[in-house]
Structures are given as structure tokens and as C-alpha cells.
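Colleague: Sequential numbering of the sequence shown, starting at 1, is according to the numbering used here.
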Amino acid sequence: MNLYFRSCRFLVKVIAKVFLGWKHSGSENIPSSGGAVIASNHISYFDPPIVGSGTKREVYFLAKKELFGKWYSPLLISNLNTIPVRRGRFDRASYLKAIEIAKRGEILVLFPEGTRSKDGKLKAGKTGAAKVSIEAGVPVIPACIRNSNRIKQVLFSADRVEVLYGKPIYPSEFDSNQSEKERLTQFTAEIMRRIGELLDQFDNPE
């Protein structure tokens, strides 16, 4: 148990609720035990802690290697269950570490777009979340966040920062007789489709 992580998450929850009206729903779709990958859209630097705070369980993140070794790294990065990853090419070490964490029954928060969407629109997904899910044999929980890229506006309005978690997607739903590329492509497309559906629910609530 990472007590520093849990203390920081508690602080994030308090600040998000008080100042941003933070609201989350669908957290019952996150398994209470066992490994899983939470796959979310990505629109702000604030997304990892906010998306990861919708469950009582500890979660793990990937963070670009450049963020490690800075003066603020122990406070904001390296002691908060983060895995360094080299961007711009396949980082086998971080990939294997992510699989190891999922296999031992932990939750990973990943952003399939690979980087922040500057216009807030959902971009094409990369296959990392699907790869970890298949190799570790764990479900993907699609998720979406909105308004985290509008912090100043949210502070002075009735808008809220909201997170919605969808129903799990299991790797067994995709034909294992396909080539690896085909299976990953279909799995990733379904992850992104489900994230898109969750975003639509924000715009068209029942």
C-alpha cells in the first residue's frame, strides 16, 4: 500500500470537489479486485489524477520519461505509482512493466490517444491499452473526462469536471484466431468507440 499515493489522492478529491464540482459516475464498472486497464480520453494535464480518483483502489500510470529526475518529481511523479515511458518509439521495458502490474491484480490508467487532444476532440487510439489487456488477460474499462481543459471557466461557472466510467471490455470478445495486428486493431477501435459513446452521453444525457 502506497500511503503517499492515498494521501495525495484524498487531497485531489477534496480540491476537485470543492473547486471544480468534480463528479464521477459508473465507478461500479471498475472491478473491486483483480487487474484492469482504465482507458480514457485525454484533454488536460489534470486528467491522470482525476480519472484515477474515481475508484477506492490504488491505480498506476504511465508518464513520459522526461518528467522524472526533476526537482518536483518525487512530489508529483515518481512516488505516485508511475511508470516512466520513452515517447516516440515502442518502449518495451515500460510495456512489460505495465503487463506485470496488471497481471498481479492492479489497475492501470492509460490514455490510448497517446497525448493530449488540444481541441478536446477524440483522436485515433494507439494499441497499447489493448496490448496490455490481451497479454495480462484483464478487462479494459472505457472512461471519459470533460471540462478538465477548462479549469478557469469551471471555477467561475456552474460547469463541472466530470468523469464517466463504462462497462468493461474483455479481450475474449475478440477472435484469438486473427492475426495479432487484426485483433489489436479491432480491440482498439472498440475501446475508442466506447469512449466516444461515453462522451456522447455527456452531450445527450437521458
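Glycine included, every Cβ here is placed at the ideal spot set by N, Cα and C.
By the three-class DSSP mapping on this structure, what secondary structure does residue 133 have?
Modeller: helix
Colleague: Going straight from the alpha carbon of residue 171 to that of residue 186, what length do you get?
Modeller: Spanning the two alpha carbons is a distance of roughly 11 Å.
Colleague: Got a sec, what are the start and stop residues for the beta strand (DSSP E) residue 7 sits in?
Modeller: Taken as a continuous stretch (DSSP letters only), residue 7 belongs to no beta strand (DSSP E), being part of the alpha helix (DSSP H) at 3–20.
Colleague: Tell me which residue opens and which closes the beta strand (DSSP E) that residue 23 is part of.
Modeller: Per DSSP, the continuous beta strand (DSSP E) segment holding residue 23 begins and ends at 23–25.
Colleague: Assuming residue 141 and residue 37 are in contact, meaning their beta carbons sit under 8 Å apart, how far apart are those beta carbons, in whole angstroms?
Modeller: That belief holds up - the Cβ atoms of residue 141 and residue 37 are roughly 7 Å apart, short of 8 Å.
Colleague: So who's on the other strand from residue 158, going by DSSP bridges?
Modeller: DSSP output for residue 158 lists no bridge partner at all.
Colleague: Taking only runs of the alpha helix (DSSP H) that begin and end inside the segment 40–99, which ones reach a length of at least 4 residues, in chain order?
Modeller: 47–51 and 73–76
Colleague: Roughly how many angstroms separate the alpha carbons of residue 189 and residue 125, rounded to a whole number?
Modeller: For the pair residue 189 and residue 125, the Cα-to-Cα distance works out to about 7 Å.
Colleague: Label residue 111 either buried or exposed according to how many other C-beta atoms from any shown protein chain fall within 10 Å of its C-beta, with 16 as the threshold for buried.
Modeller: buried
Colleague: Below 8 Å on the Cβ atoms is my contact criterion, and I expect residue 54 with residue 27 to pass it. Report the Cβ-Cβ distance as a whole number of Å.
Modeller: Yes, they are in contact, since the Cβ atoms of residue 54 and residue 27 sit about 5 Å apart, within 8 Å.
Colleague: Drop a sphere of 10 angstroms on the beta-carbon of residue 213, count the other beta-carbons inside from all chains shown, and report buried for 16 or more, exposed for fewer.
Modeller: Absent from the model: residue 213. The displayed extent of the chain is 1 to 206, so no value can be given.
Colleague: Once DSSP output is grouped into helix, strand and coil, what is the label at residue 30?
Modeller: Correct three-state label for residue 30: coil.
Colleague: Starting from residue 183 and walking both ways along the beta strand (DSSP E), at which residues does that stretch end?
Modeller: Not the beta strand (DSSP E): residue 183 falls in the alpha helix (DSSP H), residues 180–203.
Colleague: At the level of alpha carbons, what is the spacing between residue 155 and residue 145?
Modeller: 16 Å
Colleague: Residue 15 and residue 58 - do their beta-carbons sit closer together than 9 Å?
Modeller: no
Colleague: Give me, in chain order, the residues of the same chain whose beta-carbon lies closer than 8 Å to that of residue 150; leave out the 5 immediate sequence neighbours on both sides.
Modeller: Excluding five sequence positions before and after residue 150, the CB atoms of its chain that fall closer than 8 Å to its own CB belong to 159, given in chain order.
Colleague: Would you kindly work out how many angstroms separate the C-alpha atoms of residue 33 and residue 60, rounded to a whole number?
Modeller: 14 Å
Colleague: Cutting at 6 Å between CB atoms, please list the residues of its own chain near residue 91, excluding the five before and the five after it.
Modeller: 85
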